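Numbering (full-length UniProt numbering), first residue to last: 1 to 749.
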């Protein structure tokens, strides 16, 4: 250990470069004196010269550091770094304080402006203090270290000799009667026993007695240290900080102001939510009984930000808020019962557009309607709303290689209805005496999309649920029946039908996955199709404006005749106004039609008044269709009129029971009649105007939606998306992945 020298009495002198207190001789040292409170007294003076090592006095340690033989010299790790060898770095657990190694018994060469700075309680500042090469220490650090727990622990350790030599005459020693110093083992043992007795006594005292004893000990001990507190087992003020257990779990009080406030807040929030989502609708329902009729609410079938009603499948209150209250009901032409309005569009919102995605109910097409050899191109921009009306314009303008441009829109796959009454108020285009225009409002089954030939191939205009020859191409099987070859269209070799057969027929093989369903109870498929009912097609006949109101059917009866021998088949209500049409059909359709007079002023190039048209129907074999002209019944056809035909070997044709969508269009075609181009030239552009479209149903038989459970369409449409989105596909066989279901009459099932 460097220059350490072992002495006879067991003291170890470490020759480190630490300051020591100058003494009058080499065998004695100056020891600070203490007053009656245990504070060091001020020294008159200190030697200012560096100490010189000399022989130690027996049992009195000399040199900068003292220790017993059991204690080793370790470099200090304090202050976040090690001191270099030779600096002040000695420390051990037996020292009086963590800084005791830096303040050894022998001190000298201190440059101190006031001696009181060295002692606890001093208020003067140290000036130019140097302890050899050691660090400068503030009095507060020294004072706090001298009062630490570690300081007093040294009184009970084997290093008591060092402490005793340093504080041989402290007040505590004198109070214990141990004289000026403790040099023998016996004296040290007596002193420790007295101290332990005092500590044990303090543990048995009450709070007040302990306070008095602590006060006495406070006066006796140096640096105001109370060793009894180190074994204090009673609760202290800060014990809760060291025991984070939840004390509230032991609390048996379940109700408090804070708890009630929390519950009250939660109850308030709950009642608020209930009021908003339950109470408010109920209150509104009773205070505003028509709120569901005018669709004033948002999201639940109500108007949106653009003033339109969103498309919600099977929601029964899709009512335009502009519909007048008197139009909320309709009296059935068949039963006389009051039916309810389930859909309306008043077209009062200015400037609506009908491009794909623009409107919740309607979509205008962008295509050529080649199926009827139309002369115009249908463009969505030709359909809009203006001055509270829907306006469809037909103009003589070159468009997509065509010489005319018109408009057509429909509610396909957006709004459909099954059964009921549909009505429109219309100002027909042009004049009442110039032929050639072809305005129409009509309906079709949702499995076929108007203008998209691939979807109509094998579905239009079938309305059939029987498995027989009527489901086959040309309505023949092995050249039979003969009437299919001889009693048909005179313009096509008297053949009855050029149809490709019913694609989704009742004859479809039982396990075929390409039928949309459903099935009958016997396991056979329900015949599905895209039938057509026309509200009107306007024409000029005998120099007067008329409308054709008709139904289209397939398969066909021989000669395209329908049964008309009595009122149980059909009825015309005013033969002066309405007459059965002489046109009965062709190789592509069988038609039941009547021509009715119109109000001759209700044309856009006349006075422009509006006239109402409509039809009421009930689907099925016992159903009916009644057409309305100018709010009056025009004529009716019933299911039995399209009953089985033995000659053509076909069964009952059905009044359409498919979900039907609405189509409005304005074009021209020579297929529909002669066109007076010269007479039309001064009129271009010509408009057809629609004031409203409304749909009513029996409240006991409401059926709104394009995908009803008994006649589903959505899954089948999704199976062939290209067929329903590409108008250039003309036949179903051109549809990618298309499979024509097998027919058990001709295929192996």
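C-beta: ideal position from N, C-alpha, C; glycine also.
Computed from a prediction, not measured in an experiment: that's the story for all the values here.
Residue i vs residue j beta-carbon contact at 9 Å
i           : j           : result
residue 383 : residue 610 : no
residue 530 : residue 472 : no
residue 746 : residue 629 : no
residue 697 : residue 420 : yes
residue 624 : residue 334 : yes
residue 587 : residue 489 : yes
residue 680 : residue 430 : yes
residue 716 : residue 516 : yes
residue 741 : residue 512 : yes
residue 318 : residue 328 : no
residue 407 : residue 379 : yes
residue 465 : residue 506 : yes
residue 363 : residue 442 : no
residue 553 : residue 463 : yes
residue 458 : residue 394 : no
Buried versus exposed, by CB contacts within 10 Å (16 or more), residue i
i           : result
residue 189 : exposed
residue 631 : exposed
residue 444 : buried
residue 653 : buried
residue 551 : buried
residue 666 : buried
residue 278 : exposed
residue 255 : exposed
residue 66  : Low per-residue confidence applies at residue 66: pLDDT is 40, beneath 50, and the placement is therefore not dependable enough to give any value.
residue 618 : buried
residue 755 : There is no way to answer for residue 755, as the model of the chain reaches only from 1 to 749.
residue 357 : exposed
residue 389 : buried
residue 481 : buried
residue 449 : buried
residue 659 : buried
residue 739 : exposed
residue 314 : Its pLDDT being 42, under 50, residue 314 is placed unreliably in this model, and the value from its coordinates should be taken loosely. By the 10 Å Cβ count, residue 314 comes out exposed.
residue 164 : Bear in mind that a pLDDT of 43 at residue 164, under 50, signals an unreliable position, so the model cannot answer this.
residue 266 : exposed
residue 539 : buried
residue 744 : buried
residue 276 : exposed
residue 711 : buried
For residue i, the nearest candidate out of the options (CA to CA)
i           : options            : result
residue 525 : 508, 593, 329, 680 : 508
residue 691 : 332, 683, 347      : 347
residue 410 : 669, 626, 664      : 664
residue 583 : 575, 593, 576      : 593
residue 369 : 276, 454, 339      : 454
residue 647 : 557, 735, 748      : 557
residue 601 : 615, 432, 536, 460 : 432
residue 758 : 718, 634, 677      : With the chain covering only 1 through 749, there is no way to say anything about residue 758.
residue 343 : 462, 700, 651, 424 : 424
residue 702 : 727, 351, 678, 416 : 416
residue 320 : 693, 574, 485, 712 : 693
Identity of the residues DSSP links to residue i by a beta bridge
i           : result
residue 549 : 594
residue 615 : 422, 627
residue 718 : BP columns for residue 718 are empty, so no partner.
residue 697 : 340
residue 666 : 407, 439
residue 345 : 693
residue 362 : Residue 362 pairs with nothing; no bridge assigned.
residue 743 : 508
residue 520 : According to DSSP, residue 520 bridges with nothing at all.
residue 589 : 586
residue 645 : 650
residue 428 : 603
residue 538 : 547
residue 379 : In DSSP, residue 379 forms no bridge with anything.
residue 620 : 655
Min CB distance residue i to chain C below 9 Å
i           : result
residue 709 : The question asks about chain C, but that chain is absent: this structure has only one protein chain.
Proximity test, residue i beta-carbon vs the ligand SAM heavy atom, cut-off 8 Å
i           : result
residue 638 : In terms of ligand content, the structure shown is empty, and the ligand SAM therefore cannot be addressed.
Flag this pair as touching only if the region 556-566 and the region 641-654 have three or more C-beta atom pairs under 8 Å; answer yes or no. Three or more beta-carbon pairs separated by less than 8 Å link the region 556-566 to the region 641-654, which places the two stretches in contact.
Segment contact flag, the region 700-720 with the region 468-485, C-beta cutoff 8 Å, min 3 pairs: No, they do not touch.
Answer yes if the region 495-510 comes into contact with the region 672-687, meaning at least three C-beta pairs across the two stretches below 8 Å, and no otherwise. Because the criterion of three Cβ pairs below 8 Å is not met, the region 672-687 and the region 495-510 do not touch.
Evaluate contact between the region 428-442 and the region 666-677, counting only Cβ atoms and requiring at least three cross-stretch pairs below 8 Å. Cβ pair count under 8 Å is three or more, so yes.
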